[in-house]
Amino acid sequence: MTTVRLPLFPLNSVLFPGLVLPLNVFEERYRAMMRDLLKASPDDPSEPDTEPSTSEEPRQFVVVAIRDGHEVAPSAPGMPDEVTTKEAGAGPAAGFGDAPIASFHAVGCIADAATIRERADGSFEVLATGTRRVKLHSVDASGPYLTAEVEELDEEDGEEAGALAEGVLRAFRSYQKRLAGARERSLTTGAELPDEPSVVSYLVAAAAVLDVPTKQQLLQAEDVASRLREELTLLRAETAIIRHLPSLPATELTRQSTSLN
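Each residue of the sequence shown is one higher than the one before, starting from 829 at the first, in the numbering used here.
What follows is the structure, given as structure tokens:
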């Protein structure tokens, strides 16, 4: 078993390989993370609020979904500082208890921060892309931000992944049309949908309107075929529900194409 230690960025959402993640970073623990990522890259901007810093070298951190009900600390720009540390116990593990790993799902995704832009106020705009799934083995709160020891997970196709991907794409198109029809909107049909099974599985998992626990279940599926089977069942069920509930709220999926980076 080979593990690596990377910065950890907990979110109330699930990141999938190949999907783009925009971040607005304002808490001090995550600002510190971005500053360190910039220091590790060869083209570190010397002044804030300059052109975005881009790098061909990986600037990696792990995105992990927070388990329901496990984030309890207040959030404020510049945390932690002397006052909030004393009054709210703020720090790298603020809000995640004495054993932070228990607050997170066991499987996350490595993100590569291709673009990092520091604003004049010290906050950051970040554009990252999910790359590979990882399993968390431990979480360390001794530094300015959380780090995690993680193991990269293999991505096996499984049996009948190709046929399942075709079925999922058909079901996904029907699902999109139902969503569009529920709000009397026309479906945007820009870029063609991919046909690579693993790409299909992650695209659909990210684009479907599902709660975090369901998306997490898809992320940690044993193989691509298992993920596609789950998605096929979910899409058919969701499409049937939409058929009988035409007043569902609008989603971005009905207005624009969803694509992998």
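Where is the CB? At the ideal position from N, CA and C, for every residue including glycine. Quantities reported herein were computed from a predicted structural model and do not represent experimental measurements.
Alpha carbons only, please: which of the options is nearest the one belonging to residue i?
i: valine 978; options: Ala999, Leu851, Ala989 and Arg960; result: Arg960
i: valine 1032; options: Asp1051, Pro1041 and Leu1046; result: Leu1046
i: leucine 843; options: Thr957, Arg998 and Leu981; result: Thr957
i: isoleucine 938; options: Gln888, Val832, Gly950 and Lys867; result: Gln888
i: alanine 1035; options: Val832, Leu964, Pro845 and Thr831; result: Pro845
i: alanine 942; options: Asp982, Pro886 and Glu987; result: Pro886
i: aspartate 949; options: Glu980, Val853 and Val891; result: Val853
i: arginine 947; options: Val832, Arg859 and Ala1049; result: Arg859
i: valine 1037; options: Ala934, Leu1007, Ala1049 and Ala927; result: Leu1007
i: glutamate 856; options: Tyr973, Val890 and Val832; result: Tyr973
i: glutamine 1004; options: Thr1067, Glu1059 and His1072; result: Thr1067
Looking only at DSSP bridge pairs, what is residue i linked to?
i: valine 853; result: Phe952
i: leucine 836; result: Val890
i: arginine 799; result: As displayed, the chain neither begins before 829 nor continues past 1089, which places residue 799 out of reach and without an answer.
i: phenylalanine 932; result: Ile894
i: serine 966; result: Glu977
i: valine 848; result: Thr957
i: threonine 831; result: Glu979
To the nearest angstrom, how far is the alpha carbon of residue i from that of residue j?
i: serine 931; j: glycine 923; result: 9 Å
i: asparagine 840; j: alanine 989; result: 29 Å
i: glutamine 1030; j: isoleucine 929; result: Note on identity: in this sequence residue 1030 is tyrosine, with glutamine being the wrong assignment. Each residue's alpha carbon lies about 25 Å from the other.
i: leucine 851; j: arginine 1055; result: 27 Å
i: aspartate 896; j: valine 1040; result: 9 Å
i: valine 954; j: isoleucine 944; result: 5 Å
i: valine 892; j: lysine 963; result: 10 Å
i: alanine 847; j: aspartate 940; result: The amino acid at residue 847 is misidentified as alanine; the sequence shows leucine. The straight-line gap from Cα to Cα measures roughly 11 Å.
i: threonine 975; j: leucine 849; result: 19 Å
i: glycine 936; j: arginine 863; result: 22 Å
i: leucine 1063; j: phenylalanine 1000; result: 7 Å
i: arginine 1057; j: leucine 981; result: 20 Å
i: glutamine 1048; j: leucine 866; result: 30 Å
i: alanine 868; j: leucine 1021; result: 36 Å
i: alanine 927; j: proline 920; result: 12 Å
i: alanine 1053; j: arginine 998; result: 16 Å
i: histidine 933; j: isoleucine 894; result: 6 Å
i: isoleucine 1069; j: methionine 829; result: 43 Å
Following a CB-centred definition, is residue i positioned closer than 7 Å to any heavy atom of the ligand NAP?
i: aspartate 1023; result: For the structure depicted, the ligand NAP is absent and the ligand set is empty, with no information on it obtainable.
Distance cutoff 8 Å, beta carbons only. Does residue i sit that close to anything in chain B?
i: histidine 933; result: Structure shown: chain B not included; a single protein chain is present.
Is there contact between the stretch 964-975 and the stretch 836-855, where contact requires at least three CB pairs shorter than 8 Å?
-> yes
Does the stretch 989-1006 come close enough to the stretch 1022-1036 that 3 or more CB-CB pairs lie under 8 Å?
-> yes
4-residue-minimum alpha helix (DSSP H) runs that sit fully inside the stretch 1024-1051, ordered along the chain = Correct list: 1025-1035 and 1040-1047.
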